[in-house]
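Heads up: the structure comes next, in structure tokens.
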Amino acid sequence: MKKRVRVAVTGGAGQIGYSLLFRLASGEVFGPSVIVDLNILELPIAVKSAAGTAMEITDCAFDTCGEINCYDDATKAFDGINWALLVGSTPRGPGMERNDLIMSNGPLFVSQGKALAKASSNLMAIVVGNPCNTNALIALSNCSEVPSSRFTAMTMLDENRAKAQLALKAGVAVDQVKNIVIWGNHSSTMYPDFENSTINGKPTTEVIKDRKWLENDFISIVQKRGAEVIAARGKSSAASAASACIDLVKNLNTGKGNEVFSTAVLTNGEWYNLPKGLVFSLPVKAKGQGSYEVVENFKLSNFAKEKISLTCKELEEEKKVISNLL
Ligand code: NAX
């Protein structure tokens, strides 16, 4: 009998959900010998649309696709799951400030954290819905039954964007770029750390000698890429975000051949002089089946430390805004 894995995807009727669900069902993530059962959670108004997506997934006749269930109740959707991909959240409306968005989405992650507490203690939860770092902090704070280390917020899209930009600039294939890590918040303060990265095994700064480009253009392109996509497409990044989520699940599940990658995890007060209690993107290595360890030997220049302190300050401010939800 084939092994089974049950994955909950919230916001399954949204843009990211529409790309993500098919790739999960296709066998690409968990392999050809694992059946993937999908629990899709949506708002009541969007459950019908999610059911339409479920019909299309069925129509793909993937060998690895198991049951597909659509719910508008988080407790039911999270029952018996191994992975929770928390994508659904309210998008920023006209005239809304970042703090308004943080406050409007916060309660959702309180209730989803509580629903996850009833699911299973060894599940892995990935928060994609923005502001994802702070939403992950809210969810894990309301879910004491699941270890905090089983929660992460996705900065893999930022890492992929950074990797692609360095590869383009250096004129190499993307797989030649390694150790490119995003520090901090998934926001315009994130720090894509070119100083610790390598291209073809050499330090990036030796391959791309234009330090001004690295310090200014490169960082700015990565930080503002999401806004640039919105300006061009009229909608936020969706297929690339789903693809990054697939990469992150694969990395966490299989270990990525011992390679370093970025994801945002709860700080313990011991890593890189960061304060305790923030969900902060750091270099990690996966140990498989969702577990990981933070890589502690990255060297940080004064330039990097300055950038990291800015993104840290932003996360501390966000934490203050939702302190009543923790
Ligand atoms: P959409 O607006 O297309 O879809 C969101 C879906 O979530 C909708 O179908 C909505 O009905 C559903 N939803 C809202 N509240 C819900 C709840 N309480 N329970 C279940 N479902 C709920 O947005 P989409 O483009 O798919 O983006 C989803 C989220 O990802 C947004 O918050 C977006 O900002 C965030 N992103 C995060 C990225 C990252 O790298 N971490 C990058 C892409 C994206 O911007």
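Residue numbers (my numbering): 94 to 419.
The C-beta atom is built at its ideal place from N, Cα and C for all residues, glycine as well.
Counting only runs of 3 or more residues that sit fully inside the segment 231 to 274, the beta strand (DSSP E) segments are 244 to 246, in chain order.
In the three-state DSSP reduction, Cys225 falls in the helix class (H, G or I).
Judged by their CB atoms, Gly105 and Glu135 are nearer to each other than the 7 Å cut-off.
For the pair Ala118 and Ile150, the CB atoms are nearer than the 7 Å cut-off. For the pair Thr157 and Ile128, the CB atoms are nearer than the 7 Å cut-off.
DSSP places Tyr111 in the helix class (H, G or I) of the three-state scheme.
For the 7 Å CB-CB criterion, Ala229 and Phe171 do not form a contact. Ala246 places its beta carbon 7 Å or farther from that of Gln205. Minimum Cα-Cα distance from Met283 among the listed residues Lys400, Ser330, Ser112, Pro137 corresponds to Lys400. Pairing Ile174 with Leu113 gives a Cβ-Cβ distance that is not under 7 Å. Across the set Ala147, Glu352, Ser241, the C-alpha of Ala147 shows the shortest separation from the C-alpha of Tyr111.
The beta-bridge partner set that DSSP reports for Phe373 consists of Val358. In the three-state DSSP reduction, Met148 falls in the helix class (H, G or I). Here Val180 is not near Ile273, since their CB atoms are 7 Å or more apart. If you draw a straight line from the Cα of Pro200 to the Cα of Ile312, it is about 32 Å long.
Under the 8 Å Cβ criterion, the segment 259 to 279 counts as touching the segment 366 to 375, having at least three qualifying pairs.
By the Cβ criterion, the segment 335 to 346 is in contact with the segment 248 to 268, since at least three pairs of Cβ atoms, one from each stretch, lie closer than 8 Å. The beta carbon of Asn162 sits no closer than 6 Å to any heavy atom of the ligand NAX.
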